[in-house]
Amino acid sequence: MPDAGIAADDVERIEDFESLQGMTQPEPVRAVEARSGLGVVFWVSFAWVAVMVLLAVLASVLPIKNPNFQDYTAVNIGPSVHHLLGTDELGRDLLSRIIYGSRVSFVIGFASVGLALVVGGAFGLLAGYTGGWIDSVLNAGSLVVLAFPALLAILVIEAFWKPTTLLKLTLMFAVAGAPSLFRVIRATTLSFANREFVVAARTMGATTWRILVRELLPNVVPAAVSFALIGVAVAIILEGSLAFLGLSITLPTASLGNIINEGVQNNNLSLNPFIALWPSIYIFLLLVALNLMADRLRSRFDVRAGNL
Amino acid sequence: MARYIGGRVIQLVVICFFISIVAFLLVHLLPGDPTYTILGPNDTAQARAELLRQLGLDKSLPAQYWTWIGNVFHGNLGISFLTHQTVSNAVGEAFPIDLELIIVSQAMAFIVAIPLALVAALRPNRLFDRIATTSTYALLAVPTFVVAVILVLVVAVKIHIFPATGYNPLSQGIGPNLKSVLLPSISLAVGSVAIYYRLLRADMIATLQEDFITMARAKGLSTPYILLRHALRPSSFALLAGAGLSIGSLFTGAFVVEILFQLPGIGFQIIQAINARDYLVVQGMALVVAIAYVVINFGVDILFTFLDPRVRRA
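From first to last, the protein sequence lines stand for chains A and B.
Under this note's numbering, the first sequence has 296 at position 296, and the numbering climbs by one with no breaks.
This note's numbering runs 1000 ahead of the 1-based position in the second sequence.
Okay, structure coming up:
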């Protein structure tokens, strides 16, 4: 979209960026080929994420060791048959710590974004369709929340709202994520709000509720889902950062970030780099897969690339 | 032009007002009694009431806000319970470190991302582009704390080139100062490279298909000249917007990096204050960071109006 109204276009881009944290703009070439389906990349990434989620869900029935059992006869050993990924400085099995640790990431990632999606989505649809003062108020509100760096706000709230539990973390992440999702869904709704089929429905006397749910919602879902996947990735990074700072779930409950944190404490990095390395690789692969999924969904369903 | 900027200033002021309210309430509405933090759990109820009165915490919330915001405008953010240093002093010492980290890392990111994007956009979907685009995916997916850990592991622990931790202020000379912020800045820059590369590449590909580029080629101008003098400026809007919007996540990243590398910036100080329940420090620093973030974004928006006259009319 080279020349058409940079201003309006840029606003959209900026909003894109806000949430996507730098996902690529879909280029025309891509969008055409993408019509045919989601492609191998999407399904491979999907399978990978699905396997990771399954491992996390089934952790307690899988034949893996207790993540908090300290085997002092096997401290800091490298990968071996007994401990596939080795053990940490307390002799705990790293593989099972990572699998159990991923539970925290997944719960926070998916639950908080799910919640943010429902709340942000409902308000986004409403604001985008009805406009007026509701739109202005919600819009300003979302800007104010977005003006706070999420990690900072969460750190501060945590400090005064002890003890830190999974539920509280999920709620805080949802509040932090809702404004971005609100903005995306509002922007997408706006692009549909005055299309012919919506006007037609209104002319036929459809209620606002019906227009929102039956006409607009189905069109907004693809963008919202692709966006939400990025949200999950961002939430997992945030939780990781918090845990890395020692401010997520309390020890000894494993979480990916606090395993890495333990891996860099007490000179562990030079003694046994595996402690920090494995969870880093795990997070990396998980986030690549989530990003790829979101990217494929986006180019498959992107309305703007479709020249509407 | 003046009208547009005026409108934006009003918007900025309104947002700053709300931010101040949120920063104020953040600390005041949450459960937890500051007197317990200061006096410990064993003091008398009378001493507690006395302290509340001294701190002005017995008044109504609006009255407290009024006093607080008045002090803020006089540059008085209160005094740390812990170090008895004024909060504005603490911010004044810590904030430049964050700024330095952000500026150095962003300079690095631009130096790497812009040439990569220019070359990749020249022949989209060919080998160089594919390699660069795929690897930025990988970079996008690595959280800052992972990059930082791996950097420390490789550069500071295995081969002892750089000091792993600690900060040398600028007063100790530019060399030692840069040496102490180099690794942290690289950790921060990695994610930005990926973002900037992608934003610029996408716009660049679109720009290079325009007629004025064909025209420039027909005039026989060299490719580097066309890329830098004709194509770069109209392609750089998303890039700049992206840079402005990264500020928030850069602060976040800077926090993590400061902890790992033991740099006494805002992140480092705020975590210490949080652990000590030093609530005025937490509040003051949160306010400064949030205001800095919106003001920088405001600056980016104004910059746009100079780069592209069309924004003004919209």
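All C-beta atoms, glycine included, are put in the ideal place defined by N, C-alpha and C.
Check: Using the Cα positions of alanine 1189(B) and alanine 1254(B), report the straight-line distance between them to the nearest angstrom.; Outcome: 10 Å
Check: Can you name, in chain order, every residue of its own chain whose Cβ lies under 7 Å from the Cβ of valine 1009(B), other than the five neighbours on each side?; Outcome: none
Check: Could you say if the segment 1215-1225 of chain B and the segment 1273-1292 of chain B meet the contact criterion of at least three C-beta pairs nearer than 8 Å?; Outcome: no
Check: Compare the C-beta of leucine 1012(B) with all C-beta atoms of chain A and state if any pair is closer than 8 Å.; Outcome: no
Check: Comparing the CB of valine 119(A) with every heavy atom of the ligand ADP, is any distance shorter than 7 Å?; Outcome: In terms of ligand content, the structure shown is empty, and the ligand ADP therefore cannot be addressed.
Check: Taking 8 Å as the CB-CB limit, is leucine 216(A) close to chain B?; Outcome: no
Check: Do you know how far the Cα of phenylalanine 173(A) is from the Cα of serine 241(A)?; Outcome: 13 Å
Check: Let me confirm a value: arginine 300(A) is counted as buried when at least 16 other C-beta atoms fall within 10 Å, else exposed. Which label applies?; Outcome: buried
Check: Cutting at 7 Å between CB atoms, please list the residues of its own chain near tryptophan 1068(B), excluding the five before and the five after it.; Outcome: Phe1024
Check: Does DSSP put asparagine 1297(B) in a helix, in a strand, or in coil?; Outcome: helix
Check: The segment 1133-1148 of chain B: which residues have C-beta closer than 8 Å to a C-beta of chain A, in chain order?; Outcome: Thr1133, Tyr1137, Ala1138, Leu1140, Ala1141, Val1142, Pro1143, Thr1144, Phe1145, Val1146
Check: Please look up how many angstroms separate the CB atoms of alanine 178(A) and valine 119(A), rounded, as I've assumed it's under 8 Å.; Outcome: 5 Å
Check: For isoleucine 1079(B), name the three-state secondary structure that DSSP assigns.; Outcome: strand
Check: Beta-carbon of arginine 1003(B) versus every beta-carbon of chain A: anything under 8 Å?; Outcome: no
Check: According to DSSP, what are the bridge partners of aspartate 93(A)?; Outcome: Thr87(A)
Check: Counting contacts by CB-CB distance shorter than 8 Å, is arginine 1008(B) in contact with chain A?; Outcome: no
Check: From what residue to what residue does the alpha helix (DSSP H) around serine 60(A) run?; Outcome: Run containing serine 60(A): none; DSSP gives neither H nor E here.
Check: Chain A beta carbons: is any one of them nearer than 8 Å to that of glycine 1274(B)?; Outcome: A small correction: the amino acid at residue 1274(B) is isoleucine; glycine does not occupy that position in the sequence shown. Yes, contact with chain A.
Check: Look up threonine 165(A) in the DSSP assignment and say whether it is helix, strand or coil.; Outcome: coil
Check: Over what stretch of residues does the alpha helix (DSSP H) that includes leucine 292(A) continue unbroken?; Outcome: 274-301
Check: If you check the beta carbons only, do isoleucine 1019(B) and alanine 1290(B) fall under 8 Å apart?; Outcome: yes
Check: Alpha carbon to alpha carbon, what distance is there between leucine 94(A) and proline 63(A)?; Outcome: 14 Å
Check: Below 8 Å, can you find three or more Cβ-Cβ pairs linking the segment 149-161 of chain A to the segment 1250-1270 of chain B?; Outcome: yes
Check: Answer yes or no: do isoleucine 99(A) and glycine 86(A) have a C-beta to C-beta separation smaller than 8 Å?; Outcome: no
Check: Thinking C-beta only, is isoleucine 211(A) closer than 8 Å to valine 198(A)?; Outcome: yes
Check: Among the candidates Arg1229(B), Leu1263(B), Phe1237(B), Ala1002(B), whose CA atom is the shortest distance from the CA of alanine 1202(B)?; Outcome: Phe1237(B)
Check: Using a beta-carbon distance below 8 Å, is leucine 1260(B) in contact with chain A?; Outcome: yes
Check: Can you check whether the CB of alanine 243(A) is closer than 8 Å to the CB of asparagine 261(A)?; Outcome: yes
Check: Bridge partners of threonine 1086(B), per DSSP?; Outcome: Ile1079(B)
Check: Just the C-alpha distance for asparagine 136(A) and isoleucine 1015(B), rounded to the nearest angstrom, thanks.; Outcome: Note that residue 136(A) corresponds to serine in the displayed sequence, not to asparagine. Their Cα atoms are separated by approximately 13 Å.
Check: Report yes or no: is there a C-beta of chain B within less than 8 Å of the C-beta of glutamate 33(A)?; Outcome: Confidence in glutamate 33(A) is poor, its pLDDT being 47 and thus under 50, which makes the residue's placement unreliable; the coordinate value appears in the next sentence. No, glutamate 33(A) does not count as interfacial toward chain B.
Check: I'd like the span of the alpha helix (DSSP H) that includes leucine 38(A), first residue to last.; Outcome: Taken as a continuous stretch (DSSP letters only), leucine 38(A) belongs to no alpha helix (DSSP H), as it is neither H nor E.
Check: Spatial neighbours of threonine 189(A) within its chain, please: CB distance less than 8 Å, with the 5 preceding and 5 following residues excluded, ordered by chain position.; Outcome: Gly124, Leu125, Ala127, Gly128, Tyr129, Leu216, Val220
Check: Could I get the ranges of all uninterrupted beta strand (DSSP E) runs contained in the segment 174-262 of chain A, with 3 residues as the minimum, in chain order?; Outcome: none
Check: Valine 1149(B) to alanine 116(A), Cα distance in whole Å?; Outcome: 31 Å
Check: 8 Å is my cut-off, CB to CB: does asparagine 272(A) come that close to chain B?; Outcome: no
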